[in-house]
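*Asks:*
In this note's numbering, the protein residues as written are 7 to 414.
#1: Which residues does DSSP list as the beta-bridge partners of residue 342?
#2: Quick check on residue 21: does DSSP put it in helix, strand or coil?
#3: To the nearest angstrom, how far is the alpha carbon of residue 44 from that of residue 217?
#4: Taking residue 316 as the reference, which of 41, 328, 92, 281 has the closest Cα?
#5: Can you give the beta carbon distance from residue 252 to residue 224, rounded, assuming they're within the 8 Å contact cut?
#6: Output needed for residue 213: all residues of its chain with C-beta closer than 7 Å, excluding positions within five of it in sequence on either side, in chain order.
#7: Hey, would you say residue 94 sits closer than 7 Å to residue 133, going by beta carbons?
#8: Is it the case that the segment 23 to 35 contacts the segment 54 to 62, given that we only count it when at least three CB pairs across the two stretches are under 8 Å?
#9: Consult DSSP for residue 129 and reduce its assignment to one of helix, strand or coil.
#10: Less than 7 Å separating the beta-carbons of residue 128 and residue 117?
#11: When the Cα of residue 344 is compared with those of 193, 160, 256, which residue comes out closest?
#12: Locate the beta strand (DSSP E) running through residue 251, then write down its first and last residues.
#13: With three or more beta-carbon pairs closer than 8 Å as the criterion, would you say the segment 60 to 78 touches the segment 304 to 311?
#14: Should residue 392 be labelled buried (16 or more other beta-carbon atoms within 10 Å of its own) or exposed?
#15: Can you tell me whether DSSP reads residue 241 as helix, strand or coil?
#16: What are the boundary residues of the alpha helix (DSSP H) that includes residue 183?
#17: Between the C-alpha atoms of residue 122 and residue 335, what's the straight-line distance to the nearest angstrom?
#18: Have a look at residue 240 and residue 281 and give me their C-alpha separation to the nearest angstrom.
#19: Would residue 86 be called buried (16 or more neighbouring beta carbons within 10 Å of its own) or exposed?
#20: Here's the rule I'm using: 16 or more other beta-carbon atoms within 10 Å means buried, otherwise exposed. How should residue 34 be labelled?
#21: Closer than 7 Å by C-beta to residue 302: which residues in its own chain qualify, once you throw out the five before and the five after it? Chain order, please.
#22: Can you tell me the Cα-Cα spacing of residue 288 and residue 321, whole angstroms?
#23: Going by DSSP, what residue range makes up the beta strand (DSSP E) through residue 314?
#24: So what's residue 162 in DSSP terms, helix, strand or just coil?
#25: At 3 residues or longer, what runs of the beta strand (DSSP E) sit wholly inside the segment 34 to 63?
#26: Could you check the C-alpha separation between residue 186 and residue 205 for me, to the nearest Å?
#27: Does residue 277 come out as helix, strand or coil in the three-state DSSP assignment?
#28: For residue 342 versus residue 145, is the C-beta spacing smaller than 7 Å?
#29: Going by DSSP in three states, residue 352 sits in which element: helix, strand or coil?
#30: Helix, strand or coil for residue 311? Go by DSSP, reduced to three states.
#31: Please state if the CB of residue 183 and the CB of residue 152 are separated by a distance shorter than 7 Å.
#32: When burial is assigned at 16 or more other CB atoms within 10 Å of the CB, is residue 66 buried or exposed?
#33: Tell me the residue span of the alpha helix (DSSP H) that contains residue 155.
#34: Helix, strand or coil for residue 95 per DSSP?
#35: Taking just the CA atoms, how far does residue 323 sit from residue 76?
#36: Is the Cβ-Cβ distance between residue 285 and residue 244 less than 7 Å?
Here it is as structure tokens:
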């Protein structure tokens, strides 16, 4: 060994002892900024041991359960805001479906499909800067109807920036939670959005909390944030007291300013999730939009630190098939929260049977037309239409994607 080599090896930072850090956090330690940066700097070869260490906290607080959530897109596109990452933004040329409010019966029916697939929380989402009082009344009616039919299910509303009294109206209607993501750090936010402020988002989360709603607030990673900015954002969520933290991985939609932005690797995504778990050990951590693109074959590994997942599709893009999600949960040795007596594989089997039954029913109803309900009358299984396509139609929402394949 030369002197130069010895000096270089001496200069290498010590590898983080993830097991020791997790043990201290389990005993009440709050991760520091320096420790958080060391988590993000973990080399690829040490990332799976890091996941294992963080996973001890996940199992301490949540056992081997996975909470299943389901999105209903109440209103798609047509948003006046300029968030650079969003396919629904003002001026977006992304090929998404655009429509105004779903009718209450349709929204509740869509929610029921997700509940049949094991969802214990339904997230009712609408695009826009924030709701009018009339919009809130409309969603309150949906919440009341959904709770009437499925009283055991949690309902989370996500309607944008709230005005005084609107959170209380949703709470009175039976809503359990309100989602409004911080998305990124305060220092990066002006580069991501100029039509509202970071503080507007913080204020909305605090309004929801003051009204007695559980707060759901999380991140979009892969926006170009530095490690320091990512730590800043995670610590802000910790200080805000977010009960549920969804981590979205940027889906760089064509037709948006973030088009072509690919900054994440699967192992980097695991390190980010491990950091959130270490910073917020007892909080629900959800792997959300973009997981299929960025975690890829490591999605099930991410469940070692995350204890929550969205089932099926997202707001304007298709996700992994719902039955595949449930198979993935089962294959990794987890069970669906609220359905511990049934394996996820059994839930997936029932879901497939329901999908096939729905396809057959639609085929009869259309009397030889297109059984997918696309309105073209094509009847072609080759193009994805007809009962033989077996595409789980009951979990393909009106707001999910385009004619392209999932996450194309």
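The C-beta atom is built at its ideal place from N, Cα and C for all residues, glycine as well.
Please read these numbers as outputs of a predicted model, since none were measured by experiment.
*Replies:* A quick look at the data gives this:
#1: Position 336 of the chain shown, counted from the first residue, corresponds to residue 342. BP columns for residue 342 point to 72.
#2: The residue given as residue 21 occupies position 15 in the chain shown. Residue 21: coil per DSSP, three-state reduction.
#3: Your numbering for residue 44 matches position 38 in the chain shown. Your numbering for residue 217 matches position 211 in the chain shown. Residue 217 has its alpha-carbon roughly 37 Å from the corresponding atom of residue 44.
#4: As a position in the chain shown, residue 316 is number 310, starting the count at 1. Of 41, 328, 92, 281, the residue nearest in Cα terms is 328.
#5: Your numbering for residue 252 matches position 246 in the chain shown. Your numbering for residue 224 matches position 218 in the chain shown. Indeed, because the Cβ distance is near 4 Å, the residues count as touching under 8 Å.
#6: Residue mapping note: residue 213 aligns to position 207 of the chain shown, counting from 1. Hits under 7 Å: 168, 173.
#7: Along the chain shown, one-based indexing puts residue 94 at 88. Along the chain shown, one-based indexing puts residue 133 at 127. Residue 133 is positioned such that its CB atom lies closer than 7 Å to that of residue 94.
#8: Pairwise C-beta distances place the segment 54 to 62 in contact with the segment 23 to 35, as three or more of them are shorter than 8 Å.
#9: Within the chain shown, numbered from 1, the residue matching residue 129 stands at position 123. Here residue 129 sits in strand by DSSP.
#10: Taking the first residue of the chain shown as 1, we reach residue 128 at position 122. Taking the first residue of the chain shown as 1, we reach residue 117 at position 111. Going by C-beta atoms, residue 128 is nearer than 7 Å to residue 117.
#11: Taking the chain shown and counting its residues from 1, the one referred to as residue 344 is at position 338. The closest CA to that of residue 344, considering only 193, 160, 256, is found on 160.
#12: Locating residue 251 in the chain shown gives position 245, where the first residue counts as 1. Bounds of the beta strand (DSSP E) holding residue 251 are 250 to 255.
#13: Result yes; three or more Cβ-Cβ pairs closer than 8 Å.
#14: Taking the chain shown and counting its residues from 1, one reaches residue 392 at position 386. Summary for residue 392: the model assigns pLDDT 32, below 50, so the residue's position carries little reliability; its value from the coordinates is reported in the next sentence. In this structure residue 392 is buried. Its beta-carbon is surrounded by 16 or more other beta-carbon atoms within 10 angstroms.
#15: As a first step, residue 241 is located in the chain shown; it is residue number 235 there, counting from the start. The DSSP-derived three-state label of residue 241 is helix.
#16: Residue 183 sits at position 177 when you count from the first residue of the chain shown. The continuous stretches of alpha helix (DSSP H) do not include residue 183, which lies in the beta strand (DSSP E) extending over residues 183 to 185.
#17: Taking the chain shown and counting its residues from 1, one reaches residue 122 at position 116. Taking the chain shown and counting its residues from 1, one reaches residue 335 at position 329. Here the C-alpha atom of residue 122 lies approximately 16 Å from the C-alpha atom of residue 335.
#18: For this step, residue 240 is matched to residue 234 along the chain shown. For this step, residue 281 is matched to residue 275 along the chain shown. Rounded to whole angstroms, residue 240 to residue 281 spans 8 Å at the Cα level.
#19: Locating residue 86 in the chain shown gives position 80, counting from the first residue. By the beta-carbon neighbour count (other beta carbons within 10 angstroms, threshold 16), residue 86 is exposed.
#20: Numbered from 1 along the chain shown, position 28 holds the residue referred to as residue 34. Its Cβ having fewer than 16 others within 10 Å, residue 34 is exposed.
#21: Looking up residue 302 in the chain shown gives position 296. Only 272 meet the Cβ criterion.
#22: The residue given as residue 288 occupies position 282 in the chain shown. The residue given as residue 321 occupies position 315 in the chain shown. A straight line joining the alpha-carbon of residue 288 with that of residue 321 spans about 27 Å.
#23: Here residue 314 refers to the residue found at position 308 of the chain shown. Residue range 314 to 316 is occupied by the beta strand (DSSP E) that includes residue 314.
#24: Locating residue 162 in the chain shown gives position 156, where the first residue counts as 1. If DSSP states are grouped into helix, strand and coil, residue 162 belongs with the strands.
#25: Listed in chain order, there is nothing to give.
#26: The residue labelled residue 186 in the question sits at position 180 within the chain shown. The residue labelled residue 205 in the question sits at position 199 within the chain shown. Taken atom to atom, the span from the alpha-carbon of residue 186 to that of residue 205 is near 12 Å.
#27: As a working mapping, residue 277 is identified with position 271 in the chain shown. Reduced to three states, the DSSP call for residue 277 is helix.
#28: Taking the first residue of the chain shown as position 1, residue 342 is located at position 336. Taking the first residue of the chain shown as position 1, residue 145 is located at position 139. Not in contact: residue 342 and residue 145 (Cβ atoms no closer than 7 Å).
#29: Position 346 of the chain shown holds residue 352. Here residue 352 sits in helix by DSSP.
#30: Locating residue 311 in the chain shown gives position 305, counting from the first residue. Looking at residue 311 - three-state DSSP - the assignment turns out to be coil, as it is neither helix nor strand.
#31: Here residue 152 refers to the residue found at position 146 of the chain shown. Here residue 183 refers to the residue found at position 177 of the chain shown. Cβ distance not < 7 Å, so residue 152 and residue 183 don't count as in contact.
#32: Indexing the chain shown from 1 puts residue 66 at position 60. Counting of Cβ neighbours within 10 angstroms places residue 66 among the exposed residues, the total staying below 16.
#33: The sequence position of residue 155 within the chain shown is 149, counting from 1. Element bounds for residue 155: 139 to 155.
#34: Position 89 of the chain shown holds residue 95. Coil.
#35: By one-based count along the chain shown, residue 76 stands at place 70. By one-based count along the chain shown, residue 323 stands at place 317. Here the alpha carbon of residue 76 sits roughly 14 Å from the alpha carbon of residue 323.
#36: Sequence index remark: in the chain shown, residue 285 carries index 279 (1-based). Sequence index remark: in the chain shown, residue 244 carries index 238 (1-based). With respect to residue 244, residue 285 sits close: the two C-beta atoms are nearer than 7 Å.
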